[in-house]
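Student:
Chains as they are written, first to last, in this note's numbering: chain A, 5 to 127; chain B, 8 to 565.
1) Ignore the nearest five residues each way along the sequence and tell me which others in residue 447/B's own chain have a CB closer than 6 Å to its CB.
2) Put residue 128/A into one of helix, strand or coil per three-state DSSP.
3) Let me check understanding here. Comparing Cα to Cα, which of 469/B, 505/B, 508/B, 474/B lies closest to residue 515/B?
4) Which one of 427/B, 452/B, 403/B, 344/B has the shortest CA to CA distance from residue 474/B?
5) In this structure, how does DSSP classify residue 79/B when only helix, strand and coil are distinguished?
6) Contact criterion: CB-CB distance below 8 Å. Does residue 134/A meet it with respect to chain B?
7) Assign residue 68/A to buried or exposed, taking buried as 16 or more other Cβ atoms, counted over all protein chains shown, within 10 Å of its Cβ.
8) Taking the runs of the beta strand (DSSP E) that are 3 residues or longer, which of them lie wholly in the segment 468-502 of chain B?
9) Excluding sequence positions up to five away, which residues of its chain have a Cβ less than 6 Å from the Cβ of residue 233/B?
10) Would residue 494/B and residue 540/B be called neighbours here (beta carbons separated by less than 8 Å)?
11) Could you work out which residues of chain A lie near residue 151/B, taking near to mean beta carbons separated by less than 9 Å?
12) Residues in the segment 33-61 of chain B with C-beta within 8 Å of chain A's C-beta atoms, listed in sequence order?
13) Taking the alpha helix (DSSP H) that residue 351/B belongs to, which residues open and close that run?
14) Show which residues of chain A have a CB atom less than 8 Å away from the CB atom of residue 79/B.
15) Could you please tell me which residues of the segment 66-85 of chain A, in chain order, have their CB closer than 8 Å to any CB of chain B?
16) Shortest alpha-carbon distance to residue 153/B belongs to which of 46/B, 40/B, 63/B?
17) Taking Cβ positions only, does residue 43/A come closer than 8 Å to chain B?
18) So, for residue 13/A: in the same chain, excluding its five sequence neighbours on each side, which residues have a beta-carbon less than 7 Å away from its beta-carbon?
19) If the cut is a Cβ gap below 8 Å, which residues of chain B does residue 50/A touch?
20) Step through the CB atoms of chain B and report whether any lies within less than 8 Å of the CB of residue 106/A.
21) Whole angstroms are fine: how far does the CA of residue 226/B sit from the CA of residue 98/A?
22) Would you kindly check if the distance between the Cβ of residue 412/B and the Cβ of residue 271/B is under 8 Å?
23) Going by beta carbon distance, what residues of the same chain come within less than 8 Å of residue 380/B, once the five residues before and after it are set aside?
24) Can you pull out the residues from the segment 154-168 of chain B whose beta carbon lies closer than 9 Å to at least one beta carbon of chain A?
25) DSSP three-state label for residue 553/B, please.
26) What in chain B is Cβ-close to residue 95/A, meaning under 8 Å?
27) What does a CB cutoff of less than 7 Å around residue 480/B pick up in its chain, not counting 5 residues either side in sequence?
28) In three-state terms, what does DSSP make of residue 125/A?
29) Less than 8 Å between the beta carbons of residue 425/B and residue 456/B, yes or no?
30) Can you find the residues in the same chain that come closer than 6 Å, C-beta to C-beta, to residue 21/A, ignoring five residues on each side of it along the sequence?
31) Determine, for residue 39/A, whether the minimum Cβ-Cβ distance to residues of chain B falls below 8 Å.
32) Taking 8 Å as the cut-off, does the segment 248-258 of chain B touch the segment 88-100 of chain B (at least 3 CB pairs, one atom from each stretch)?
33) Does any residue of chain A bring its CB to less than 8 Å from the CB of residue 16/B?
34) Quick one: grab the DSSP three-state call for residue 89/B.
35) Measure the Cβ-Cβ separation of residue 461/B and residue 303/B and say whether it is below 8 Å.
36) Examine chain A for any beta-carbon lying closer than 8 Å to the beta-carbon of residue 557/B, and answer yes or no.
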């Protein structure tokens with residue numbers, strides 16, 4: 005009985021030491037993991053920079069093709085299109101309430117019954 | 008030596024060594040703490056300034072006019088470069104720069120130096136793959152203008168450091184700019200970035216987007232026609248402004264010559280300013296409707312009142328006033344139709360100086376219009392106390408007053424909308440990155456200048472000018488057009504006289520006259536050869552006006 009009582013504090017010290025060691029090792033592992041991950045993040049960031057640059061390069065190309073001047077040029081020079089003359093344009097009166105269009109010919113629709121604020125403005 | 012002594016001596020030596028080491032450690036960690044920490048931080052910590060994406064500029068229909076692209080910039084950290092000579096050689100090859108130039112940059116005591124900003128993707132990839140120690144890449148925003156030259160002066164330009172230099176880029180710079188954040192970065196012995204507590208990456212806050220009142224299609228129409236007119240007339244400068252007659256919104260503001268914001272050479276820096284709001288000119292005959300409005304509003308004349316036009320030459324206070332055509336008796340309506348200077352001088356005499364000055368001021372001349380663009384000038388309008396004996400007469404036909412294109416078009420929109428001067432608007436709203444509206448600008452009436460009735464009378468007169476008078480070429484089949492020509496002699500400061508060779512040809516009008524949608528100003532500065540506004544500016548107005556009517560879907564009324 006006396007021997008058992010003498011052994012107990014030693015066991016506690018040992019367990020305390022093991023616990024402390026584990027905490028310390030966890031701390032070391034955590035720090036190492038943070039550093040490893042930060043290296044990975046940096047590598048991914050560099051990759052992202054290059055991908056963003058490629059994206060930007062493609063965007064520039066896209067805008068070059070879709071800008072108004074280019075569309076106009078392609079329409080006129082490659083497709084042989086011309087601007088409509090006034091007499092080519094048929095203005096149609098559309099009645100939205102009845103959802104009816106009197107004719108389906110023509111390029112423009114005059115929305116007479118949906119006047120915007122500027123048309124109705126009186127000062 | 009006895010064994011015991013040897014053991015004691017060894018222990019003492021160990022204890023002494025430990026004490027010395029402890030003292031040294033105490034000195035390093037406690038006494039010299041600040042000094043060594045400072046040295047370590049200098050090697051491993053850097054402060055970086057991150058600026059987030061600049062906001063986009065849109066036209067009124069959401070079309071992007073200025074966007075931010077991410078491009079790589081390459082910088083060096085000279086203290087971290089292990090093999091400077093090899094680094095210089097490789098960089099010179101990759102960046103296509105002379106070795107001497109790079110060497111000079113790297114021979115600095117600074118811990119950071121730019122090598123090349125906003126480089127091509129392929130070059131950036133090559134630099135990354137070359138794994139040069141102390142050479143880093145960083146993403147930076149570069150402004151890109153998808154429509155190239157379209158509305159370039161209105162949109163303006165952003166500089167290398169993303170600062171707005173001109174146009175909307177400048178006047179809305181604080182709104183467009185992304186949030187700037189400084190972050191502390193720590194690096195290890197190999198120059199790799201570490202993430203530690205308190206050095207987290209900043210969360211980006213982009214700048215707000217600006218939605219302008221510009222309609223890119225109308226702007227394109229204006230620019231195409233403007234370029235054509237510029238080439239045909241060989242003018243020094245050409246301007247077209249299109250304004251919503253009712254709200255004062257600027258739908259197009261085109262000047263030529265202009266520039267392409269994506270490829271600006273130093274010789275084009277002079278085109279950064281916007282002539283339509285910065286340049287002052289004498290309006291000439293386009294000013295006559297303003298004086299006529301004052302006369303009609305004050306009931307000093309009727310359209311049938313007769314004035315003697317002196318057969319083309321009239322000496323007023325010793326100075327001659329000339330007409331383009333010799334006329335005898337003309338009614339007030341005919342004076343405006345035929346744009347008689349003599350008739351206007353005689354009619355103008357019916358007005359008191361203060362009264363005329365007040366009307367001209369009320370129409371917005373001699374004052375800032377409030378358009379939110381940089382560099383606006385108020386023009387020149389002297390106070391009546393500073394007028395000479397001939398000032399009133401000269402003012403009656405648009406001389407002796409300096410106006411800007413934006414003032415003139417706003418004054419005509421006032422006639423078009425029934426007599427209310429509207430503040431010219433260039434921005435409709437401010438939106439955040441999720442397109443949520445942050446602020447909205449509404450049409451702003453400045454004041455009522457003339458009655459609705461007077462405005463209607465003026466519109467009728469202006470329609471007659473296009474139908475029967477000097478502005479015939481501005482007529483558009485199917486639409487009723489109201490407008491006025493102006494062929495103004497330019498003042499030559501060298502001779503102190505009006506030039507006989509330099510003119511400003513302009514046409515300003517609105518359509519459809521019964522319910523005006525747009526006011527259009529065409530201005531040709533110093534056209535070569537034929538210079539009469541009715542022949543060179545009015546046809547441009549007609550072409551632009553017709554295409555705008557088609558674009559807006561306004562049906563013909565006639």
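The C-beta atom is built at its ideal place from N, Cα and C for all residues, glycine as well.
Tutor: Let me lay it out:
1) For residue 447/B, where only same-chain residues beyond five positions count, the Cβ hits under 6 Å are 436.
2) Limits of chain A in this structure are 5 at one end and 127 at the other, which puts residue 128/A out of reach.
3) 469/B
4) 344/B
5) Secondary structure of residue 79/B (DSSP, three-state): strand.
6) The displayed coordinates of chain A run from 5 to 127. Any statement about residue 134/A would go beyond what the structure contains.
7) exposed
8) 489-499
9) 245, 247, 261, 263
10) Against a cut-off of 8 Å, the Cβ pair of residue 540/B and residue 494/B comes out as a contact.
11) 60, 63, 64, 67
12) Hits within the stretch: zero.
13) 348-355
14) By Cβ distance, chain A contributes 53, 54, 57.
15) 67, 70, 71, 72, 73, 76
16) 63/B
17) yes
18) none
19) 135, 144
20) Reliability of the predicted coordinates at residue 106/A is poor, the pLDDT of 46 falling under 50, and no value is obtained from them.
21) Those two C-alpha atoms are separated by around 28 Å.
22) no
23) 161, 174, 175, 178, 281, 284, 433
24) 154, 155, 156, 157
25) helix
26) 560, 562, 563
27) 541, 542, 545, 546, 549
28) Caution is warranted here: a pLDDT of 35 is assigned to residue 125/A, below 50, making its placement in the model unreliable, and the coordinate value is therefore given only provisionally. Coil at residue 125/A, not helix or strand.
29) Between residue 425/B and residue 456/B, the CB-CB gap reaches or exceeds 8 Å.
30) none
31) yes
32) no
33) no
34) coil
35) yes
36) yes
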